[in-house]
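Chemist:
6 protein chains.
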Amino acid sequence: MELVPGNSLITKTPEEGRALAVLLARHSIHAIQPDVEVLKAGRLKYSKEPDSLIAAAQVVALEFATIAAANNYWH
Amino acid sequence: MELVPGNSLITKTPEEGRALAVLLARHSIHAIQPDVEVLKAGRLKYSKEPDSLIAAAQVVALEFATIAAANNYWH
Amino acid sequence: MELVPGNSLITKTPEEGRALAVLLARHSIHAIQPDVEVLKAGRLKYSKEPDSLIAAAQVVALEFATIAAANNYWH
Amino acid sequence: MELVPGNSLITKTPEEGRALAVLLARHSIHAIQPDVEVLKAGRLKYSKEPDSLIAAAQVVALEFATIAAANNYWH
Amino acid sequence: MELVPGNSLITKTPEEGRALAVLLARHSIHAIQPDVEVLKAGRLKYSKEPDSLIAAAQVVALEFATIAAANNYWH
Amino acid sequence: MELVPGNSLITKTPEEGRALAVLLARHSIHAIQPDVEVLKAGRLKYSKEPDSLIAAAQVVALEFATIAAANNYWH
Chain A
594 MELVPGNSLI
604 TKTPEEGRAL
614 AVLLARHSIH
624 AIQPDVEVLK
634 AGRLKYSKEP
644 DSLIAAAQVV
654 ALEFATIAAA
664 NNYWH
Chain B
594 MELVPGNSLI
604 TKTPEEGRAL
614 AVLLARHSIH
624 AIQPDVEVLK
634 AGRLKYSKEP
644 DSLIAAAQVV
654 ALEFATIAAA
664 NNYWH
Chain C
594 MELVPGNSLI
604 TKTPEEGRAL
614 AVLLARHSIH
624 AIQPDVEVLK
634 AGRLKYSKEP
644 DSLIAAAQVV
654 ALEFATIAAA
664 NNYWH
Chain D
594 MELVPGNSLI
604 TKTPEEGRAL
614 AVLLARHSIH
624 AIQPDVEVLK
634 AGRLKYSKEP
644 DSLIAAAQVV
654 ALEFATIAAA
664 NNYWH
Chain E
594 MELVPGNSLI
604 TKTPEEGRAL
614 AVLLARHSIH
624 AIQPDVEVLK
634 AGRLKYSKEP
644 DSLIAAAQVV
654 ALEFATIAAA
664 NNYWH
Chain F
594 MELVPGNSLI
604 TKTPEEGRAL
614 AVLLARHSIH
624 AIQPDVEVLK
634 AGRLKYSKEP
644 DSLIAAAQVV
654 ALEFATIAAA
664 NNYWH
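Protein chains in written order, with my numbering: chain A, 594 to 668; chain B, 594 to 668; chain C, 594 to 668; chain D, 594 to 668; chain E, 594 to 668; chain F, 594 to 668.
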């Protein structure tokens, strides 16, 4: 399965970079747990737990740091 | 929905950069859980839990690291 | 409320940079939970829990990494 | 046992870099717990826990940051 | 109280840099919880918990990353 | 006790760098808890817990990031 959509870290804008960060995180999780039904059930659960949401936001922050550096911060 | 307010990581000052870091973290969480009522209920809960507050502060620190680098630390 | 005391990441010494890292972390938490009484109650709790102290120390380490880079490591 | 497949961080594409990040994380865990049966049992468990999946995704993000820097972000 | 022993991140060797990383982490925790008796009681507890030890090791790794960069990796 | 085996971050290959990352993490933990019997008991416990293994893998990833940078990613 695809891990990096478009096979590139380069995006036109920070907004697109951020969307890519979210996708990278999701694809990681999908690669570890390919069963979509299990993922859906888990999502119902964790998306109501503040601590889980904060942990997910942390992964997005880490992925975004790499993408932002790859794009020289869109200067 | 918008992930990067203003679609830029560049801010005039560290203070504005820090405010952007807080917003990035919040928008991540909003993107994962779009239901505002669920978010409000979660906020009531986690904002009284020291461990949750520390975890949220960690996400802000990570987002800020990227923003600070993007702004060459406002030299 | 103020997020970055002095609105600058530049400090004269590592010691002052470290103190700023502690303040940045505290101001993050204060921005999320503005009620000082709730924060005081939480502090009583978490400051006796080793795991919470370690998590807080991690946030300080992350903030300090950014401040140290901003100051070119005080060379 | 081998920790870095191919003994190199250089990959042709971001996709291959991401796959390497996943492998690095898995080989770390395998090095700490060499018993494959224990790992299989653990996988059944954690791959249904959203918090565990998020934590695993965080490790992949960290490994990928290093690999992406090593490849100069595939510019 | 002192947060950065010697008020410098520069050390002669990686070994001394690592020792400084451990001290930085300890001083953070001491700054948050100044009561030595509480810290000693906490240490008895967390130093027997694998998860706490791993979390503490993570803080040391983060502090060391900053110190290593400050010393240009002792090249 | 020794924290950085060989007192250097420089290794010949990524594989050796990875092995050093594992050692750095272990030596941190050993420095915090010098009693080998306590460590052995803890290892029995955490090495069967997926969440603990993931947390340990995260520390290895962080140490490796520093070592990889120190070696200019073995280019």
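Just so it is clear, CB atoms sit at the ideal spot from N, CA and C, and this is done for glycine as well.
Quick caveat, the model's predicted, so the values are computed rather than measured.
Output yes or no for whether 9 Å exceeds the beta carbon distance between A661 of chain D and W667 of chain D.
Modeler: As a working mapping, residue 661 of chain D is identified with position 68 in the fourth sequence. As a working mapping, residue 667 of chain D is identified with position 74 in the fourth sequence. In contact: A661 of chain D and W667 of chain D (Cβ atoms closer than 9 Å).
Chemist: So which residues on chain F does T604 of chain D lean against when the C-beta distance must stay under 9 Å?
Modeler: Against the fourth sequence, residue 604 of chain D aligns to sequence position 11. Within 9 Å Cβ-Cβ: nothing; T604 of chain D doesn't reach chain F, min ~12 Å.
Chemist: P643 of chain C: buried (16+ other C-beta within 10 angstroms of its C-beta) or exposed?
Modeler: Numbered from its first residue, the third sequence carries residue 643 of chain C at position 50. Classification of P643 of chain C: buried, given that the 10 Å Cβ count is 16 or more.
Chemist: Check whether the Cβ atoms of G599 of chain C and V597 of chain E lie closer than 9 Å to each other.
Modeler: Walking along the third sequence from the start, residue 599 of chain C turns up at place 6. Walking along the fifth sequence from the start, residue 597 of chain E turns up at place 4. Contact flag unset, no.
Chemist: Taking Cβ-Cβ distances below 8 Å as the criterion, which residues of the region 634-663 of chain F are in contact with chain D?
Modeler: Answer set for the region 634-663 of chain F: S640, K641, E642, P643, D644, L646, I647, A648, A649, A650, Q651, V653, A654, L655, F657, A658, A661 and A662.
Chemist: State the CB to CB distance for the pair K641 of chain C and V653 of chain E, rounded to an integer number of angstroms; the pair is presumed to be in contact (CB under 8 Å).
Modeler: One-based indexing of the third sequence puts residue 641 of chain C at position 48. One-based indexing of the fifth sequence puts residue 653 of chain E at position 60. That pair is no contact at about 22 Å.
Chemist: Would a C-beta distance cut-off of 9 Å place A614 of chain A and A649 of chain A closer than the cut-off?
Modeler: Along the first sequence, one-based indexing puts residue 614 of chain A at 21. Along the first sequence, one-based indexing puts residue 649 of chain A at 56. No, the Cβ-Cβ distance between A614 of chain A and A649 of chain A is not below 9 Å.
Chemist: Just reading off the alpha helix (DSSP H) that E609 of chain A is part of, what are its end residues?
Modeler: Position 16 of the first sequence holds residue 609 of chain A. Residues P607 to I625.
Chemist: Quick check on N665 of chain F: buried or exposed, where buried means 16 or more other Cβ atoms within 10 Å of its Cβ?
Modeler: Locating residue 665 of chain F in the sixth sequence gives position 72, where the first residue counts as 1. Per the 10 Å Cβ criterion, exposed.
Chemist: At which residues does the alpha helix (DSSP H) containing T659 of chain D begin and terminate?
Modeler: The residue given as residue 659 of chain D occupies position 66 in the fourth sequence. It spans P643 to A663 - the alpha helix (DSSP H) in which T659 of chain D sits, taken as one unbroken run.
Chemist: Closer than 9 Å, CB to CB, is V629 of chain F near chain E or not?
Modeler: Here residue 629 of chain F refers to the residue found at position 36 when the sixth sequence is read from its first residue. It does not: the Cβ of V629 of chain F has no partner Cβ on chain E nearer than 9 Å.
Chemist: Is there at least one Cβ from chain D nearer than 9 Å to P607 of chain F's Cβ?
Modeler: Start at 1 with the first residue of the sixth sequence, and residue 607 of chain F comes out as number 14. For P607 of chain F, the answer is yes, since a Cβ of chain D falls inside 9 Å of its Cβ.
Chemist: Distance cutoff 9 Å, beta carbons only. Does G599 of chain A sit that close to anything in chain B?
Modeler: For this step, residue 599 of chain A is matched to residue 6 along the first sequence. It does not: the Cβ of G599 of chain A has no partner Cβ on chain B nearer than 9 Å.
Chemist: Please go through the same chain and pick out, in chain order, the residues whose beta-carbon is closer than 7 Å to the beta-carbon of E656 of chain D, but skip the five residues on each side of it.
Modeler: Position 63 of the fourth sequence, counted from the start, is the residue given in the question as residue 656 of chain D. A614, L617 and A618, listed in sequence order.
Chemist: Under the rule that 16 or more other beta-carbon atoms within 10 Å means buried, what is L637 of chain D, buried or exposed?
Modeler: Within the fourth sequence, residue 637 of chain D is the residue found at index 44, counting from 1. The residue is exposed, with fewer than 16 neighbouring Cβ atoms inside 10 Å.
Chemist: Could you tell me whether any Cβ in chain C is nearer than 9 Å to the Cβ of H668 of chain B?
Modeler: Taking the second sequence and counting its residues from 1, one reaches residue 668 of chain B at position 75. Yes, H668 of chain B lies at the interface with chain C (some Cβ there is under 9 Å from its Cβ).
Chemist: For chain F, is any of its Cβ atoms less than 9 Å away from the one on L616 of chain D?
Modeler: Start at 1 with the first residue of the fourth sequence, and residue 616 of chain D comes out as number 23. With 9 Å as the cut-off, L616 of chain D does not count as an interface residue toward chain F.
Chemist: On the DSSP letters alone, give me the boundaries of the alpha helix (DSSP H) that Y639 of chain C sits inside.
Modeler: Indexing the third sequence from 1 puts residue 639 of chain C at position 46. Unbroken alpha helix (DSSP H) run through Y639 of chain C: V629 to Y639.
Chemist: Apart from the five residues just before and just after H620 of chain A, which ones in its own chain have a Cβ nearer than 6 Å to its Cβ?
Modeler: Here residue 620 of chain A corresponds to residue number 27 of the first sequence, with the count starting at 1. Correct list, in chain order: L596.
Chemist: Using CA coordinates, which residue listed in B:L646, B:T606 and B:I625 is at the minimum distance from A624 of chain C?
Modeler: The residue you call residue 624 of chain C lines up with position 31 of the third sequence. Nearest C-alpha to A624 of chain C: B:L646.
Chemist: Looking only at its own chain, which residues have a Cβ that is under 8 Å from the Cβ of T606 of chain E, when we skip the five neighbours before and after it?
Modeler: Along the fifth sequence, one-based indexing puts residue 606 of chain E at 13. W667.
Chemist: Cβ closer than 7 Å: which chain E residues qualify as neighbours of L596 of chain F?
Modeler: Your numbering for residue 596 of chain F matches position 3 in the sixth sequence. What L596 of chain F touches in chain E: E608, R611 and A612.
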